[in-house]
Amino acid sequence: MTASTPASYVLRGTAAGGTLRIVGMDSTQVVEDARVRHHLSKTATAALGRTLTGSVLLATVLGKRSDSRVTVRVEGDGPVGFIVAEGSVDGRVRGYVRQPGADLPLRERDGKLDVSGIVGTQGELSVTRLLDNGEPYTGSAHLVSGEIAEDISTYLGVSEQIPNAVLLGVYEEGGRVAHAGGLLIQAMPGVTDETLGKLEANIRAMGQITDNLRRGGLMEAITRATDGLNVQLAAEAQGSRFECRCSREKASDSLKFFDAGERQDMIDAGGQEIVCHWCGEHYQITPDEIAALDATDTHARA
Numbered sequence: 133m134t135a136s137t138p139a140s141y142v143l144r145g146t147a148a149g150g151t152l153r154i155v156g157m158d159s160t161q162v163v164e165d166a167r168v169r170h171h172l173s174k175t176a177t178a179a180l181g182r183t184l185t186g187s188v189l190l191a192t193v194l195g196k197r198s199d200s201r202v203t204v205r206v207e208g209d210g211p212v213g214f215i216v217a218e219g220s221v222d223g224r225v226r227g228y229v230r231q232p233g234a235d236l237p238l239r240e241r242d243g244k245l246d247v248s249g250i251v252g253t254q255g256e257l258s259v260t261r262l263l264d265n266g267e268p269y270t271g272s273a274h275l276v277s278g279e280i281a282e283d284i285s286t287y288l289g290v291s292e293q294i295p296n297a298v299l300l301g302v303y304e305e306g307g308r309v310a311h312a313g314g315l316l317i318q319a320m321p322g323v324t325d326e327t328l329g330k331l332e333a334n335i336r337a338m339g340q341i342t343d344n345l346r347r348g349g350l351m352e353a354i355t356r357a358t359d360g361l362n363v364q365l366a367a368e369a370q371g372s373r374f375e376c377r378c379s380r381e382k383a384s385d386s387l388k389f390f391d392a393g394e395r396q397d398m399i400d401a402g403g404q405e406i407v408c409h410w411c412g413e414h415y416q417i418t419p420d421e422i423a424a425l426d427a428t429d430t431h432a433r434a
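Heads up: the sequence shown is residues 133 to 434, going by our numbering.
See below:
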């Protein structure tokens, strides 16, 4: 990577003569931004961070247009409640969890963050995307582990019929996200059993993706996963960032769903604060702005 590489970015490529499709993401800054915005616990950071990364990888694989996006919803029986992430082909991503403060102790067996415990193993992962005709389509699969990567991989195999391998990880150090990222490797038509066998052996040998990210970043993980498979990566990285589609105007317009009496109560109270659940942004709507909504509504009816 050059000095101009974005703080978070996506790399695309192929391996084994085009019979493997490679999508990798360094999501360190994206996940750190999410942690700060939503005041996430350590384990909730890991759970949302993996889902944010996975949503961008899925958008890259499933998206048909440059502005395509997918929404991933993970709803298990763990204390974090549901997780929602929306990723776009252009690298924009946003998301949140139901209970940002939920946390669990490190796992006794290996000292790792207990993502499976906080997410739960009973539940469903669903993915919503737009079809070629513009209609939304939602596919789903039962959770298999609550670790997110395995659950996304199962979804791709079951609902999309895409043979794949998915690796996701978040590593926190010193109270912040030090490394985060993921890999999605898709088997393409013409792939051989020999290639798949080599890929599986590489993934087993490389260990946890977070260990690879800590040693040498995203390129370390890609190199280890595709060792001996002649990987070819695109020359330019696609920048990625945590970015919401909310705005002050949208926040103000949301008050139109309340009746005139309720809006008058807001005016009498000195205004109304609107908080975007996607990104945590706070919008303080003034009494004059609320009154203008009623004036606009009256003019429209006239």
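Cβ coordinates follow ideal geometry from the N, Cα and C atoms, glycine included.
query	result
Kindly indicate which residue of 404, 383 and 200 has the alpha-carbon position closest to the one of residue 266.	200
Give me the Cα-Cα distance between residue 262 and residue 268, rounded to the nearest whole angstrom.	4 Å
Assign residue 274 to one of two classes, buried (16 or more other C-beta atoms within 10 Å of its C-beta) or exposed (fewer than that).	exposed
Distance check for residue 370 and residue 194, CA to CA, integer angstroms please.	16 Å
Is it true that the CB of residue 206 sits closer than 8 Å to the CB of residue 288?	no
Smallest Cα separation from residue 237: which of 403, 217 and 211?	211
Does DSSP put residue 379 in a helix, in a strand, or in coil?	coil
Quick one: what's got a C-beta closer than 6 Å to residue 181's C-beta in the same chain, skipping five residues either side?	163, 302 and 312
Tell me whether residue 389 is buried or exposed, calling it buried when 16 or more other Cβ atoms sit within 10 Å of its Cβ.	exposed
If distances are taken between C-alpha atoms only, which option among 333, 198, 234 and 340 comes closest to residue 242?	340
Please report the straight-line C-alpha distance between residue 175 and residue 426, rounded to a whole angstrom.	44 Å
So, does the region 409-419 touch the region 380-396, judging by three or more C-beta pairs under 8 Å?	yes
For the candidate residues 379, 424 and 392, whose alpha-carbon lies nearest to that of residue 406?	379
DSSP has residue 268 in a bridge; who is on the other side?	262
Helix, strand or coil: how does DSSP classify residue 414 here?	strand
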